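Scroll down for the structure; my scribbles are underneath it.
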Amino acid sequence: MARKAPARRYDKLRKRLRDEEERLERLRAEAPALAEEHKGVAFSTHSAEEAWGTYEREQGLALTERLVGLLAEVRQALEKFGRGTYGTCDSCGNEVPFPRLEARPQASLCLVCQASKERANRS
Ligand SMILES: [Zn+2]
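Counting from -1, one number per residue, gives the positions in the sequence shown under the working numbering.
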């Protein structure tokens, strides 16, 4: 028997990614309705309510944007399964540590590349 079977090892993560994709799609389908629901409040003559309605709507839109971003990450990870590159860093090609993948199956970068990307984003 092989000492390690990488494909097998990732099966569980692939399932988790598929579940996550489904969950995010469902949430995204609900999110615009959430934003829509509060639009009516903006027509209120009460200014505090008006402001709140806008705030809620913006939150709804921000949530949708976030969901779209997450969904893209999950789909990218699933595509990597298709290409047989799942578990490797998109940037340097090194193996992404398994505990990192277990914590975040859609992780596409190793810790070193992730850290340098975050530094780049901040500056
Ligand atoms: Zn890397």
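Just so it is clear, CB atoms sit at the ideal spot from N, CA and C, and this is done for glycine as well.
Bear in mind the structure is a predicted one, so any value in this text is a computation, not a measurement.
- The alpha-carbon separation between LYS10 and ALA49 amounts to approximately 45 Å.
- Each of ARG64, ALA105, ALA118 was checked against the Cα of PRO97, and the nearest Cα belongs to ALA105.
- Distances from the alpha-carbon of GLU63 to those of ALA113, GLU23, GLU77, ASP88 put GLU23 closest.
- For ligand 1, residues qualifying as neighbours are CYS87, SER89, CYS90, ASN92, LEU107, CYS108, VAL110, CYS111, where qualification means a beta carbon closer than 6 Å to at least one of its heavy atoms (chain order).
- In the DSSP assignment, GLU100 falls within the unbroken alpha helix (DSSP H) covering 96 to 101.
- DSSP, read as helix, strand or coil, puts THR86 in strand.
- If you draw a 10 Å sphere on the C-beta of GLY58, you find 16 or more other C-beta atoms in it, and that means buried.
- The beta-carbon separation of THR83 and ASN92, rounded to 12 Å, does not stay under the 8 Å limit for a contact.
- For ALA29, the number of other beta carbons within 10 angstroms of its own is at least 16, and it is reported as buried.
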